[in-house]
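Asks: Structure incoming, see below.
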Ligand SMILES: Cc1cc2nc3c(=O)[nH]c(=O)nc-3n(C[C@H](O)[C@H](O)[C@H](O)COP(=O)(O)OP(=O)(O)OC[C@H]3O[C@@H](n4cnc5c(N)ncnc54)[C@H](O)[C@@H]3O)c2cc1C
Ligand SMILES: Cc1cc2nc3c(=O)[nH]c(=O)nc-3n(C[C@H](O)[C@H](O)[C@H](O)COP(=O)(O)OP(=O)(O)OC[C@H]3O[C@@H](n4cnc5c(N)ncnc54)[C@H](O)[C@@H]3O)c2cc1C
Ligand code: SF4
Ligand code: SF4
Ligand code: FES
């Protein structure tokens, strides 16, 4: 068992760094980039935790992960105990440990962040969850009490899965309806394998199924069955269908061959495994030069995927500056290490094609930052006459997603706002008494952990409402 | 799970399967399609619902072997299960009693998807004139069913081996010359080039026409934009805004170019599969 450190010693120690696959090597494969902690590294990092009471970190976690408790068990080398602590509140620890923006969540709230050395909570959570997967350990069991009440959930992304897990544990009969042929939402079709291996998502989804949750794949609510029908068949309905519709730039040439939305490009590569074409049947087109338009996490995922698919040159085109890029600093850093080029303060005006309808380039203008707008960000303005062309055989548009209307159209009495998102209060309650909603389809594109949090709140509110009805 | 209940071979390249899919069968309407995946490593391929039966829980598809995925599908046997089958997708055809005649045109494999449209139109009391056509006699499918679903059925083959020699557009033009006024609406489904030609004829007679766009798709639910087409100068998603659009507004040139997007990869996939089939045949 590891020794206990004195507080003063804890403050002196630095964060234990995470080992990564070398950039030159990793751009040749789709394997995960961060390699994970060893047991020694995990314990060394865990020992720095001050075990605060109350714990500041937990306030930063929308899934209420019992952070000091699991860290304490980890120090004691009781990994199983640590796993059980985490699983009490978070059904997706291996996922969250990898993709949560911890700097804004738990680690941002950690007391040690004041010294710039927050506990690496995400990496520790990942370590513990990976341990369980490696040993094929599962705590999931069907609840002994059954309430004989049925809840339908639309969408198997993090919001839907979190809600399903909490309700199943309480004894509800939960059925999830998923349009695609795999469960997980953005976790399986959007976020690339090299950041979130699909086997890990599959493992956590399987544990939720072991709780008795039924997942109906290949089932499009709004087409195969309407929300109205679900309202009749179930005691409550949770809408968690995500913000899946891709936005385009609406500039000339966008329908040329070789121009993709990030959603299409990533779906082909991740969900359909086009990176293993032709062993997997779905094709994808990447030749020499790929250009990705946008500056968020989705753009970083797309450009790093293009590089791995063989692009000699992969470039980000973004209309504002480096500081304004919404992507996580860590992701931008990883992209830079991999040789991604950045054309900042640059905006596309036209996509150029040849006589066969194939994209050959993208015409851009340079931008400069003007006065701050309402959001406080300095508004980019065109530098007149600065037009220039970047050669490209693949162009990927990663400028955001919006609401897909299919679900809402079939949900009578569930109000949407002017952008098509469901109107819901902080507990996920919509304008229909039997319907809750949460995740990206309420907030617009956000994060996995906020979707998990929304799913948990809805589960709690559904339970309260249905319990009072008795 | 998505069992192949029945399979028929209608010509060298055309097959029809009846798939067990009760939820799809229950909701299916004319003009809609499904997406299926043959096996775990397969791609998502869209196929129109040629017929369905809610009581018996099946959906019929008719497909032409044009590449690796349709070849793989044609090699699956009765009793086997598809990996995925989802639908019904897309907007149903806008069918009502128009109080007159309607013109239905099906070319090649496009006869299958036009059948439920014709059937429903006739059920609702329209006078249905159908024209079906193909390159040659062997490729004319569903003639009996089309006869049942129409008040008049006309047939054209390019080589004259059956029905009238020539294209469906020749017959279409003749009919519109005779009774343009009486024709309340027109549907045409077939290869893009045929739909483009039908649209040209409709335009010459100042008639509106519906076409069903078979653009390349991935999810089929409006999530990816792979299926985008230009209609009336605006970008539309064929899977959720269509697949039927007013042909008069469709940019067919762009659509045809977009369909060829993966020519090279498709050839590679087909060669790989054919090689595999050859190897299996020589081993076993
Ligand atoms: C490329 C990419 C990278 C990202 N990276 C990160 C990251 O690193 N960290 C992070 O925190 N967040 C990240 N995000 C954001 C995060 O993934 C989302 O905020 C989160 O997944 C939202 O969860 P959700 O459950 O609301 O919706 P989704 O994950 O979108 O899931 C919705 C599910 O509903 C299904 N569905 C939709 N319509 C229907 C229907 N009609 N019937 C049945 N099912 C339907 C969809 O197929 C999907 O499976 C990323 C997003 C993308 C696109
Ligand atoms: C709404 C819709 C309804 C359709 N209905 C029918 C039908 O009832 N019967 C039928 O035989 N065919 C139908 N098709 C076309 C059918 O989907 C394609 O023939 C099939 O996907 C080809 O796959 P493949 O691998 O065998 O051939 P490939 O080698 O992949 O392609 C051959 C040609 O098929 C087209 N194609 C390829 N991939 C796709 C894709 N994912 N989506 C659409 N087209 C593609 C391309 O034009 C390509 O050049 C329909 C297509 C759409 C969009
Ligand atoms: S779930 Fe996310 S926010 Fe919560 S503790 Fe884990 S990494 Fe931090
Ligand atoms: S705030 Fe930081 S130091 Fe305190 S308990 Fe949480 S993780 Fe440990
Ligand atoms: S196929 Fe993806 S949006 Fe139409």
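Residue numbers (full-length UniProt numbering), protein chains in the order written: chain A, 1 to 470; chain B, 1 to 284.
Every residue gets a Cβ at the ideal spot worked out from N, C-alpha and C, and that includes glycine.
1. Taking 8 Å as the limit between beta carbons, can you name the residues of its chain near residue 379 of chain A, skipping five residues before and five after?
2. Where do the ends of the alpha helix (DSSP H) carrying residue 440 of chain A lie?
3. Which residues in chain B have a C-beta closer than 8 Å to the C-beta of residue 113 of chain A? List them in chain order.
4. Chain A beta carbons: is any one of them nearer than 8 Å to that of residue 63 of chain B?
5. Tell me, which residues are paired with residue 18 of chain B by DSSP?
6. Let me confirm a value: residue 187 of chain B is counted as buried when at least 16 other C-beta atoms fall within 10 Å, else exposed. Which label applies?
7. Can you find the residues in the same chain that come closer than 7 Å, C-beta to C-beta, to residue 53 of chain B, ignoring five residues on each side of it along the sequence?
8. Given a threshold of 16 other Cβ atoms within 10 Å of its Cβ, counted over all protein chains shown, does residue 407 of chain A qualify as buried or as exposed?
9. Nearest CA to the CA of residue 250 of chain A: which residue from A:345, A:432, A:261?
10. So does residue 217 of chain B have its beta carbon nearer than 7 Å to some heavy atom of ligand 2?
11. By DSSP's criteria, residue 235 of chain B is part of a beta bridge. Which residues make up the other side?
12. Tell me which residues share the same chain as residue 248 of chain A and place their Cβ nearer than 6 Å to its Cβ, disregarding the 5 neighbours each side in the sequence.
13. When you compare the CB positions of residue 101 of chain B and residue 182 of chain B, do they come within less than 8 Å of one another, or not?
14. Is the region 40 to 52 of chain A close to the region 5 to 13 of chain A, with three or more CB pairs under 8 Å?
15. So, does the CB of residue 398 of chain A fall closer than 8 Å to a CB anywhere in chain B?
16. Looking only at its chain, what residues have a beta carbon closer than 7 Å to the beta carbon of residue 18 of chain B, apart from the 5 residues adjacent to it on each side?
17. Please confirm if residue 402 of chain A has its CB atom under 8 Å from at least one CB of chain B.
18. Check residue 317 of chain A in the structure and name its three-state DSSP category.
19. Following the continuous alpha helix (DSSP H) through residue 61 of chain A, name the residue where it begins and the one where it ends.
20. So with CB distances below 9 Å, who are the chain B contacts of residue 297 of chain A?
21. Evaluate residue 170 of chain A with the Cβ neighbour count: other Cβ atoms within 10 Å of its Cβ, from every protein chain shown; 16 or more gives buried, anything less gives exposed.
22. Could you check what DSSP says for residue 89 of chain B in three-state terms: helix, strand or coil?
23. Residues in the same chain with beta-carbon distance under 8 Å from residue 307 of chain A, minus the five sequence neighbours each way, listed in chain order, please.
24. Does the distance between the C-beta of residue 362 of chain A and the nearest non-hydrogen atom of ligand 4 fall short of 7 Å?
25. Taking residue 301 of chain A as part of the beta strand (DSSP E), name the residues at either end of that continuous run.
26. Since residue 3 of chain B and residue 79 of chain B are thought to touch, with beta carbons under 8 Å apart, how far apart are those beta carbons, to the nearest angstrom?
27. Suppose you measure from the CA of residue 329 of chain A to the CA of residue 22 of chain A; what does that come to, to the nearest Å?
28. Tell me which same chain residues have a C-beta within less than 7 Å of the C-beta of residue 55 of chain B, skipping the five on either side of it?
29. Beta carbon of residue 51 of chain A: closer than 7 Å to some heavy atom of ligand 4?
30. So the alpha helix (DSSP H) residue 455 of chain A belongs to, where does it begin and stop?
31. Residues of the region 218 to 249 of chain B in Cβ contact with chain A at a cutoff of 9 Å, in chain order, please.
32. Is there a Cβ from chain E that is less than 8 Å from the Cβ of residue 406 of chain A?
33. Which word fits residue 136 of chain B, buried or exposed, when buried means at least 16 other C-beta atoms lie within 10 angstroms of its C-beta?
34. For residue 42 of chain B, which residues in chain A fall below 7 Å Cβ to Cβ?
35. In terms of residues, what are the limits of the alpha helix (DSSP H) holding residue 414 of chain A?
36. Given that residue 244 of chain A touches chain B, what residues does it touch there, using C-beta distances under 9 Å?
Replies: Put simply:
1. 369, 370, 371, 372, 373
2. 440 to 443
3. Result: empty, since nearest Cβ-Cβ is about 37 Å, beyond 8 Å.
4. no
5. B:6, B:60
6. buried
7. 25
8. buried
9. A:261
10. yes
11. B:230
12. 254, 397
13. yes
14. yes
15. no
16. 5, 6, 58, 60
17. no
18. strand
19. From DSSP, residue 61 of chain A is part of no alpha helix (DSSP H); its letter is neither H nor E.
20. What residue 297 of chain A touches in chain B: nothing, since even the nearest Cβ is about 18 Å away.
21. buried
22. strand
23. 27, 290, 314, 338, 339, 340
24. no
25. Segment 297 to 308 is the alpha helix (DSSP H) holding residue 301 of chain A; no beta strand (DSSP E) there.
26. 7 Å
27. 18 Å
28. none
29. yes
30. 448 to 468
31. 218, 219, 220, 221, 222, 223, 224, 225, 226, 228, 229, 230, 235, 237, 240
32. Looking at the structure shown, chain E is missing, and the protein chains on hand are A and B.
33. exposed
34. 281
35. Premise fails: residue 414 of chain A is in no alpha helix (DSSP H) and is neither H nor E.
36. 219, 221, 222, 223, 224
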